[in-house]
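Asks:
In our numbering, the protein residues as written are 6 to 160.
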């Protein structure tokens, strides 16, 4: 398995103490964090939502990597968020929760492929190979660490 591509800067330039706060994300993230926290389930914000938070951009879709059965969790989380679950890719266990009045906002939930670092290594670009543990967003006043094993922040 090859790590993500699009390296523009060496990984040594990644700041080891970089963090993001709950306030950097849409309010839905706090609700999702409480949902997974109550179940003791690992859940990570991954990919573009982390990149957009770092850049201070508005966010559309939210991608999650979770350590549990997405077919079971998807409908429960959708009900909590007032959305509806849709099987996006049954063979890979990816479920989309469509939310909002216009049903345009989406939360894609996929199962962790091993641990989070292994999961990030399967992504296509280093910019999308970053993650933030949702539980840490809820419980750390100092912010949650950005897991960035391939130097995506530098790209």
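Each residue gets a CB set at the ideal place from its N, CA and C atoms; glycine is no exception.
All values reported here derive from a predicted model rather than from experimental measurement.
#1: Are the beta-carbon atoms belonging to residue 89 and residue 102 less than 9 Å from one another?
#2: Using DSSP's beta-bridge definition, name the partner residues of residue 48.
#3: Could you tell me the boundaries of the alpha helix (DSSP H) in which residue 115 lies?
#4: Taking just the CA atoms, how far does residue 31 sit from residue 153?
#5: Less than 9 Å separating the beta-carbons of residue 131 and residue 85?
#6: I need the boundaries of the beta strand (DSSP E) containing residue 92, first residue and last residue.
#7: Three or more C-beta pairs under 8 Å: does that hold for the segment 76-85 against the segment 55-63?
#8: Can you name the residues that DSSP bridges to residue 99?
#9: Who are the Cβ neighbours of residue 87 in its own chain at under 8 Å, not counting the five residues just before and after it?
#10: Could you compute how far the alpha carbon of residue 127 sits from the alpha carbon of residue 98?
#11: Apart from the five residues on each side of it in sequence, which residues of its chain come closer than 6 Å, Cβ to Cβ, to residue 57?
#12: With DSSP as the reference, label residue 151 as helix, strand or coil.
#13: Does at least one heavy atom of the ligand ATP sit under 8 Å from the Cβ of residue 147?
#14: Suppose the cutoff is 7 Å on Cβ atoms and the five residues either side in sequence are ignored; what does the same chain contact list for residue 19 look like?
#15: If you follow the beta strand (DSSP E) that residue 136 is part of, which residue opens it and which one closes it?
#16: With H, G and I counted as helix, E and B as strand and the rest as coil, what does DSSP make of residue 30?
Replies: A quick look at the data gives this:
#1: Walking along the chain shown from the start, residue 89 turns up at place 84. Walking along the chain shown from the start, residue 102 turns up at place 97. For residue 89 and residue 102, yes; Cβs fall inside 9 Å.
#2: In the chain shown, counting from the first residue as 1, residue 48 sits at position 43. In DSSP, residue 48 forms a bridge with 71.
#3: Against the chain shown, residue 115 aligns to sequence position 110. Per DSSP, residue 115 belongs to no alpha helix (DSSP H); it is in the beta strand (DSSP E), 110-116.
#4: Counting from 1 along the chain shown, the entry for residue 153 is found at position 148. Counting from 1 along the chain shown, the entry for residue 31 is found at position 26. Using only the alpha carbons, I get a separation of about 21 Å.
#5: Position 126 of the chain shown, counted from the start, is the residue given in the question as residue 131. Position 80 of the chain shown, counted from the start, is the residue given in the question as residue 85. No, these two residues do not count as a Cβ contact at 9 Å.
#6: By 1-based counting over the chain shown, the position of residue 92 is 87. Run containing residue 92: 89-94, per the beta strand (DSSP E) assignment.
#7: no
#8: On the chain shown, position 94 is the one that residue 99 refers to. Answer is 94, bridged to residue 99.
#9: Against the chain shown, residue 87 aligns to sequence position 82. Result list for residue 87: 104, in chain order.
#10: For the purposes of this step, residue 127 is taken as the residue at position 122 of the chain shown. For the purposes of this step, residue 98 is taken as the residue at position 93 of the chain shown. Each residue's alpha carbon lies about 15 Å from the other.
#11: As a working mapping, residue 57 is identified with position 52 in the chain shown. Only 64 meet the Cβ criterion.
#12: Position 146 of the chain shown, counted from the start, is the residue given in the question as residue 151. Residue 151: coil per DSSP, three-state reduction.
#13: What this structure holds is no ligand at all, so the ligand ATP is not there to describe.
#14: As a working mapping, residue 19 is identified with position 14 in the chain shown. Unreliable positioning characterises residue 19 in this predicted model, as indicated by a pLDDT of 35, which lies under 50. The coordinate reading is nonetheless provided below. Counting only Cβ-Cβ distances below 7 Å, and skipping sequence neighbours, we find 153, 156, 158, 159.
#15: Counting from 1 along the chain shown, the entry for residue 136 is found at position 131. Note, residue 136: beta strand (DSSP E), 136-138.
#16: Taking the chain shown and counting its residues from 1, the one referred to as residue 30 is at position 25. DSSP, read as helix, strand or coil, puts residue 30 in coil.
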